[in-house]
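Accompanying notes for the structure given below.
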Amino acid sequence: MKSLRRIFISFTIFMLIILVFFCHLSRKTAYGKRDIVYYNDLLYQVEQDLESGMPETFAEEKYSCQIILSKKINDPELASLYSSGALILDLEVDGKYIGKVAFNDKEENFISARSQFMRAAAILWGAVLLAGYLLLFYMYRVFLKPIKELKDFATDIAKGDLDKPLPIRKTNMFGSFVEGYDMMREQVKLSIDRERKGEIARKELIQGLSHDIKTPLAVIGATCEVLDLKYSRKIKEAGEQDTAEYSDTLDKIRTINAKAGSVSSLMSDVMHASLEDIEKIEVTVSEESTVILEDRIKSLSSFGNIIMENHIHPCLVYMDRQRMDQVIENIISNSAKYAGTDITVTFSQTKDILMEDGKTGSFIKIKIRDEGPGVPDSDLPLISEKYYRGKNSAGKSGYGLGLFLCKMYMNKQGGGMEYYNDNGFVVELLLRKV
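Mapping of the sequence shown onto the working numbering: residues 462 to 895, in sequence order.
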């Protein structure tokens, strides 16, 4: 607001100066009246010089006049002088009338006034031009330059350069805004620094916990191997009745060992990839038989009653066995956790489907359905996003990574995953056939 006031005051002062200049110029300009006595004296001197024998041209040059040696009233030269406002007097030499003497001072006054006006106009034009340049420079300093600095500052922030401060000047009419902008930069920088430190601490915590978990898992694995050898030896030495009991115990020991191995493998992934970089977890795809998937689903009966509506079509598909085990276990465990009902599994084959690379392929589809209330409609589009947990997750353990990882693993295997509500929550897994 102060800058606008300065511009208004400066412009008013400039216009007052111009007004004073023209008033002074007008006061100096006087109407050119003729002094008849003066011109009569000049006429007398001209007559005396001509009588003494001075040529006419010399007399005209000496007295700034024109001598017309004509007694005709309608002489063209006289008519021209009359029209221009010249003073014309009768010329007599030796007492005889010989013509006219013309003094054309009106035209001379006009030429002088025009020259004076042109000088005044040139001065005024130069003053307005200079004032315009000064105003443009002032506008650039006060308005355009701060806006350009704000633009460059925003570009630097977008590039992540938060160390460059925004200059604050007294002449900047955006001073308060610029100061607030710079304070925002400092707060963003502090926030990013805190976030970076927190991220480092979180990664260190995850790696420490992963290492601490792997240690007892190694002990469990070693103990299971010892028990496996022990009960295998007992089965060889025992009778039929004891053999059945020992075989059941041996199966449980091997299940525990397999689970401990899976957990250990997962901890290795966590140790080598933070949660922010979890997309970088490798998926190694190979040709595997679909039969192992049916066996894997049957082995998860501890989560609840799993109903297999049909058998899977035996064929080869592209998959990572370890990642596929994690996907199936995660989906079934989610159904058991959130629905707590029977879980139905259906296998089928799809017709050729156009893939992202422009080629077509056929797939094995695994449909896993529970009979629970399903996922709220507001949560459904978001449940496969990283760290997102739905409204029904209150009081239940988890980090919001399960379905995110499942979808990522399925895509990296060349398949896909879809989910929806249909009298319960349904997840469809697609594996591409070889």
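We put the beta carbon where it would ideally sit given N, CA and C, even for glycine.
Query                                                                                                                                                       : Result
Need the endpoints of the alpha helix (DSSP H) that Gln783 sits in, please.                                                                                 : Arg782 to Tyr799
Going by Cα to Cα distance, which pick from Asp643, Ala592 and Glu749 is closest to Val895?                                                                 : Glu749
Where DSSP assigns a beta bridge to Asp831, which residues make up the other side?                                                                          : Ile804
Return the first residue and the last residue of the beta strand (DSSP E) that Leu552 is part of.                                                           : Leu548 to Val554
Thinking just about the alpha-carbon of each residue, which of Thr802, Met579 and Asp551 is nearest to the one in Gly765?                                   : Thr802
What's the C-alpha gap between Glu896 and Val687?                                                                                                           : Only positions 462 to 895 of the chain appear in this structure, which leaves residue 896 out of reach.
Quick one: using the 10 Å Cβ neighbour count with 16 as the cut-off for buried, is Thr616 buried or exposed?                                                : exposed
Measure the Cβ-Cβ separation of Phe475 and Ala619 and say whether it is below 7 Å.                                                                          : no
Mapping the DSSP letters down to three states, classify Met878 as helix, strand or coil.                                                                    : strand
Per the DSSP calculation, Leu539 is bridged to which residue(s)?                                                                                            : DSSP lists no partner for Leu539.
Within 10 angstroms of its Cβ, does Met869 collect 16 or more other Cβ (buried), or is it exposed?                                                          : buried
Which whole-angstrom value describes the C-beta separation of Cys867 and Val788, a residue pair presumed to lie in contact below a C-beta threshold of 8 Å? : 5 Å
Beta-carbon separation of Leu822 and Arg893 under 7 Å?                                                                                                      : Residue 822 is actually Gly in this sequence, not Leu. Cβ distance < 7 Å, so Gly822 and Arg893 count as in contact.
Looking at C-alpha atoms only, which residue of Leu761, Ile814, Ile696 and Phe472 is the closest neighbour of Ala588?                                       : Phe472
From the DSSP output, in three-state form, read off Met871 for me.                                                                                          : helix
Hey, quick one: how far does the alpha helix (DSSP H) through Ile497 stretch, first residue to last?                                                        : Ile497 to Glu512
Just checking my contact of Asp831 with Ala800 at CB under 8 Å: how many whole Å lie between their CB atoms?                                                : 4 Å
Quick one: using the 10 Å Cβ neighbour count with 16 as the cut-off for buried, is Val481 buried or exposed?                                                : exposed
If you compare alpha carbons, which of Ile479, Val554, Gly885 and Pro537 is closest to Gln905?                                                              : Coverage of the chain is limited to positions 462 through 895, which leaves residue 905 absent and any answer about it impossible.
Going by C-alpha to C-alpha distance, which of Asn795, Ile829, Ser796 and Gly875 sits closest to Met780?                                                    : Gly875
Based on Cα-Cα distance, which residue from Ala540, Ala699 and Ile559 lies nearest to Lys532?                                                               : Ile559
Check this for me: beta carbons of Val806 and Ile758, under 7 Å apart or not?                                                                               : yes
Which two residues bound the contiguous beta strand (DSSP E) that contains Ile767?                                                                          : Ile767 to Met769
In the structure shown, what three-state DSSP assignment does Glu640 receive?                                                                               : helix
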